[in-house]
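What follows is a short report on a single structure.
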Amino acid sequence: MVENRPWANFFAHAVLIIGVALVIFPVYIALVASTQAPDELLRGTIPLLPGSHGIENYTLMWKSGVSTANSPPAAQMLWNSFIMAMAITVGKLSISLLSAFAIVYFRFRFRMFFSG
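Residue 101 in my numbering is what sits at position 99 of the sequence shown, and the numbering runs on without skipping anything.
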């Protein structure tokens, strides 16, 4: 039997909405801050609406990285991540295929324990 408790439903939804807002708000502030000019951010207050320097900031980050942190461009970091992900995927697939072949075709102690 399903009981209908409107106040409990309202309270549960209110808690969920507040929780989602607490998680999403810092992400939104980071997005808004990334669209501001550096001198606007150094004033100490971050506006709640996106600024007009978004495309300029993202283009600069993509091509030359963060100059103050001496980091490589975002495009190079993304390419390095792709290469590492592909190498790890190929390595895991090769080990998984070899272990699956061994479990299927060879008889050894604890074979079913390792295969689930």
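Think of the CB as a built atom: it goes at the ideal place given N, C-alpha and C, for glycine as much as any other residue. Source: prediction; values computed, not measured.
If you check the beta carbons only, do ALA35 and LEU43 fall under 8 Å apart?
yes
Short Cβ contact (8 Å threshold) for PRO75 with SER66:
yes
Check whether ALA39 and HIS15 have beta carbons under 8 Å apart:
no
Where does GLY46 sit, in a helix, a strand or coil, going by DSSP?
coil
If contacts are defined as beta-carbon pairs under 8 Å, then ASN59 and THR37 qualify, I think. What distance do you get, rounded to the angstrom?
7 Å
Give the straight-line distance between the Cα atoms of VAL22 and PRO28, rounded to the nearest whole angstrom.
11 Å
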